[in-house]
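Asks:
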Amino acid sequence: MRVLRVLRRLIVIDVTRTLIYRGEFVVYMLGIVVGPAVALLVWRAAAASGAALPVTMEYLVSYFVLLGVVNMLVSSWLAWWLAEMIRLGQLSTWLVRPASVFIMLLANNLSEKLVKAVILAPMVGVLGWVFRDQLRLPAAPGLWALFGLSVVLAATITFAVDVVLGALAFWFDDIGGFFRLRLIAGAVLSGQMVPLALFPEWTAGFIAVQPFRFMLSFPLELLVGGLSASEVAMGMVLQVGYTVAAVGGAVLIWRRGQRVYAAVGA
Amino acid sequence: MLGPAVNNSLNHDPTPVIEAADLTKTYTFHRQEPGVLGAFRSLVRRRTETRLAVDRITFAVGAGEVVGLLGPNGAGKTTTLKMLAGLLYPTAGSLEVLGFTPHRRKAEYLRRIALVMGQKTMLWWDVPTMDSLLLHKDMYDLDDAGFRATVGELAELLDVTDLLRVQVRKLSLGERMKCELLAALVHRPEVLFLDEPTIGLDVVAKARVRAFLADLNRLRGTTIVVTSHDMDDIEALCSRVLIIDHGRIGFDGTLAALVREVQPHKTIVATYADPIALDGLSDRFPDVAVTVDPASDGRTLLLETPRERMSATLETLPRLGSLADLTVRDAAVEEIIRQVFERSALAQPALHAPPTLPGETGS
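Note that the protein sequences, when read in sequence, are chains R and U. Heads up: the first sequence at position 172 corresponds to 171 in numbering that gives the first Met the number 0, and the numbers run straight through without jumps. Heads up: the second sequence at position 164 corresponds to 163 in numbering that gives the first Met the number 0, and the numbers run straight through without jumps.
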């Protein structure tokens, strides 16, 4: 209960803080919507000029309209922040209080997403309205529930991977290289730039099981269709497995890292 | 008022709340040559070195004591404070604070201590201090009535009642530090660790913070361990000082004892109504270094007097002429500490770079 009260209080503080910078957030959210919209126009043009695509135009429209929302919901930005806290000794202010720094990081994640969702909703609504003729969303509530669960798991994996990356600052002065590597791999393999369904067929086996798929693409695939029941079941099992592995890895690395924390500058 | 005053004539209980035995900390760091070439070399061969920051120190602090950790930069005092607060894992030795092992950072332990760092903020910059206080209320599980009473008392004592609803980033440094103290103390910690609590503050704010901390110790019996480069902080607050140098304790005792040990003389300044005869002064004041203040027209004498000669010297002074003024002073604490550090620097030139351990590696 105490943890939940602290989390709620931190969310209130963070929402207040976030609203101060609301203009900046509008620009961020425009960026999140404009990217997929441009990609969608490019793929439509390709299809119109006769390119043979392995998915329907309805699949692509639904995918790109929802991409911005899901990308925002599963995202995490704590790696760089956490690394700076460790590098500059700011982590100390949390280590001497009876509340984990991760409650603060989780509150920051949830509160910013709350504000972003409010800003993003009308933008995605406009995008959906523009492409309404080819937008296809499932009606089955079960599928939406599965989608919700999958988004939570994807967000958890992303959060835990960020903790691992940020915690590398316990041992390395600069985690920039690891961070950029993860961004590049994530952009390509998560379906952020190109839907995984459009990857060459010979890569399908690897693409289907690699972890980045479960950090963004898989929840989207549940909504836009194209997965058999067994593929959905296998996907959920893999996603739960990756979640356990990522959280376990984060806990292990964090515990080891604290032993070498130098608490500089204070 | 900070609640009921603690009835303790010595103001501290000899029962130790902090016990350190052979406490040791070594840091491991990587050495890299400057420039691009150095960066590439470090990729292939990274030199890892260990540095001894705290070297087998043993001490105990009783409940209600105010102890100052003194030492030059790099001496190990802040590292010691960080180990006490649980931020650092000791490399060797044992450490207990309030019966807990600090680095395990049990919630029960963290609820009973507080750490204030002069150069780090515990407050949220974009919201008023009250929001941070409410967060601490939830973190430390404080009841509404107790929380309101404590905040009211502390805010009044620190003179920040009107500032609690102002965004932290709009406060001056002095105002912010007072709010930091309030936030750190709202859960009524039994042990307070302070790292440079008055750094950057103006003289008025410094005096206010010192007075507040002295009251806190006197009225609540809070045990305080403080590091500071400001000797006025130490003089105003500390009943005891530990001088840490090269990671070891060089002195442990009261400030008065330190002064006696380092500077066994007192300075007497005697000013007469008229110029006095200087002949035979050395015979009248054996073992005393007598000089005449050149700006006084021969009316003011400065006498560096051994403590055991004080009484005889003071008895003799009125016989020289009509005394207009007489003052007796110890050397300034700052001067004493400077002498201690300088002695240490002469004894070991590597004062600012503690020696590397025999286990230094290159890999």
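Note that CB positions come from ideal geometry on N, CA and C, so glycine has one too.
For the ligand ATP, any of its heavy atoms closer than 7 Å to the Cβ of Pro121 of chain R?
Replies: Absence of the ligand ATP is noted for the structure shown, with no ligands found whatsoever.
Asks: Which parts of the stretch 199 to 243 of chain R are runs of the alpha helix (DSSP H), unbroken and 4 residues or longer, counting only runs that do not cross its ends?
Replies: Whole alpha helix (DSSP H) segments, 4+ residues: 203 to 208 and 216 to 223.
Asks: Any beta carbon from chain U within less than 8 Å of Ala159 of chain R's own beta carbon?
Replies: No, Ala159 of chain R lies away from the interface with chain U (no Cβ there is under 8 Å from its Cβ).
Asks: Spell out a yes or no on whether the stretch 237 to 247 of chain U and the stretch 269 to 280 of chain U are touching, meaning 3 or more CB-CB pairs, one atom from each, closer than 8 Å.
Replies: With the cut-off at 8 Å, the stretch 237 to 247 of chain U and the stretch 269 to 280 of chain U do not touch.
Asks: Please confirm whether Ala210 of chain U has its beta-carbon closer than 8 Å to some beta-carbon of chain R.
Replies: For Ala210 of chain U, the answer is no, since every Cβ of chain R falls outside 8 Å of its Cβ.
Asks: Residue range of the alpha helix (DSSP H) that Ser281 of chain U falls in?
Replies: Where Ser281 of chain U is concerned, the enclosing alpha helix (DSSP H) stretches over Leu280 to Arg283.
Asks: Should Leu257 of chain U be labelled buried (16 or more other beta-carbon atoms within 10 Å of its own) or exposed?
Replies: Burial call: buried.
Asks: Among R:Met214, R:Pro218, R:Pro194 and R:Leu188, which has the Cα closest to the Cα of Phe205 of chain R?
Replies: Closest by alpha carbon: R:Leu188.
Asks: In whole angstroms, what separates the C-alpha of Asp232 of chain U from that of Thr253 of chain U?
Replies: Each residue's alpha carbon lies about 14 Å from the other.
Asks: Which value, in whole angstroms, describes the spacing of the CA atoms of Gly67 of chain R and Gly73 of chain U?
Replies: Going from the Cα of Gly67 of chain R to the Cα of Gly73 of chain U covers about 51 Å.
Asks: Using 8 Å for Cβ pairs, my map puts Thr157 of chain R next to Val246 of chain R. What's the rounded Cβ distance?
Replies: With 8 Å as the limit, Thr157 of chain R and Val246 of chain R do not qualify as a contact, their Cβ atoms being about 11 Å apart.
Asks: In angstroms with no decimal places, state the Cα-to-Cα distance between Thr242 of chain R and Pro137 of chain R.
Replies: Cα to Cα, the separation comes out at about 26 Å.
Asks: Is Arg8 of chain R helix, strand or coil by DSSP?
Replies: In the structure shown, Arg8 of chain R sits in a helix (DSSP, three-state: H, G or I).
Asks: Let me know the alpha helix (DSSP H) ranges lying completely inside the stretch 26 to 106 of chain U, each 4 residues or longer, listed in chain order.
Replies: If we require 4 residues or more, the alpha helix (DSSP H) runs fully inside the stretch 26 to 106 of chain U come out as 34 to 43 and 76 to 84.
Asks: Going along chain R, which residues have a C-beta under 7 Å from Asp137 of chain U?
Replies: The contacting residues are Arg1, Arg4, Val5 and Arg8.
Asks: Report yes or no: is there a C-beta of chain U within less than 8 Å of the C-beta of Gly88 of chain R?
Replies: Closer than 8 Å to some Cβ of chain U, the Cβ of Gly88 of chain R qualifies, so yes.
Asks: So if I threshold CB-CB distances at 7 Å, which residues from the stretch 138 to 157 of chain U count as touching chain R?
Replies: Answer in chain order: Met138, Tyr139 and Asp140.
Asks: Just checking: is the beta-carbon of Tyr88 of chain U within a distance shorter than 8 Å of some beta-carbon in chain R?
Replies: Output row for Tyr88 of chain U: interface = yes.
Asks: Ignore the nearest five residues each way along the sequence and tell me which others in Asp130 of chain U's own chain have a CB closer than 7 Å to its CB.
Replies: So the list reads Trp123, once near-sequence residues are dropped.
Asks: In the DSSP assignment, find the alpha helix (DSSP H) that holds Glu260 of chain U and state where it starts and stops.
Replies: That run of the alpha helix (DSSP H) goes Leu254 to Val261.
Asks: Give me the Cα-Cα distance between Asp140 of chain U and Val32 of chain R, rounded to the nearest whole angstrom.
Replies: Rounded to whole angstroms, Asp140 of chain U to Val32 of chain R spans 42 Å at the Cα level.
Asks: Count the other CB atoms within 10 Å of the CB of Met0 of chain R; is the residue buried (16 or more) or exposed (fewer)?
Replies: It counts as exposed.
Asks: Can you list, in chain order, the residues of its chain whose CB lies under 7 Å from that of Pro15 of chain U, leaving out five sequence neighbours each side?
Replies: Excluding positions up to five away in sequence, the list reads Ala59, Val60 and Gly61.
Asks: Tyr58 of chain R to Ser149 of chain R, Cα distance in whole Å?
Replies: Between Tyr58 of chain R and Ser149 of chain R, the C-alpha separation is close to 19 Å.
Asks: Looking only at its own chain, which residues have a Cβ that is under 7 Å from the Cβ of Arg283 of chain U, when we skip the five neighbours before and after it?
Replies: Excluding residues within five positions, the ones whose Cβ falls inside 7 Å are Thr315.
Asks: Under 8 Å between C-beta atoms, does Tyr260 of chain R make it to chain U?
Replies: By this cut-off, Tyr260 of chain R is an interface position.
Asks: Would you give the residue range spanned by the alpha helix (DSSP H) that Tyr20 of chain R belongs to?
Replies: Element bounds for Tyr20 of chain R: n/a, residue is neither H nor E.
Asks: Can you tell me which of U:Ala20, U:Arg187, U:Val261 and U:Leu156 puts its alpha carbon nearest to the alpha carbon of Phe146 of chain U?
Replies: Ranking the options by Cα distance to Phe146 of chain U, first place goes to U:Arg187.
Asks: Among the candidates U:Arg46, U:Phe28 and U:Ala276, whose CA atom is the shortest distance from the CA of Gly297 of chain U?
Replies: Of U:Arg46, U:Phe28 and U:Ala276, the residue nearest in Cα terms is U:Ala276.
Asks: Shorter than 8 Å from the beta carbon of Asp251 of chain U to some beta carbon of chain R?
Replies: Judged by the 8 Å Cβ criterion, Asp251 of chain U is not in contact with chain R.
Asks: Compare the C-alpha of Thr312 of chain U against each of U:Asp324, U:Val185 and U:Val287 and name the closest.
Replies: Comparing Cα-Cα distances from Thr312 of chain U to each of U:Asp324, U:Val185 and U:Val287, the minimum goes to U:Val287.
Asks: Taking 8 Å as the threshold (beta carbon to beta carbon), is Leu77 of chain R in contact with chain U?
Replies: Chain U, which has no Cβ nearer than 8 Å to the Cβ of Leu77 of chain R, makes this no.
Asks: Run down chain R in chain order and give the residues with a C-beta less than 8 Å from the C-beta of Tyr26 of chain U.
Replies: Neighbours of Tyr26 of chain U on chain R, chain order: Ala261.
Asks: Please check if any C-beta of chain U sits within less than 8 Å of the C-beta of Ala166 of chain R.
Replies: No, its Cβ sits nowhere closer than 8 Å to a Cβ of chain U.
Asks: Kindly list the residues whose CB is nearer than 6 Å to the CB of Ile17 of chain U, restricted to its own chain and excluding five residues on each side of it in sequence; keep chain order.
Replies: Hits under 6 Å: Val60 and Val96.
Asks: For Arg135 of chain R and chain U, any beta-carbon pair shorter than 8 Å?
Replies: Chain U, which has no Cβ nearer than 8 Å to the Cβ of Arg135 of chain R, makes this no.
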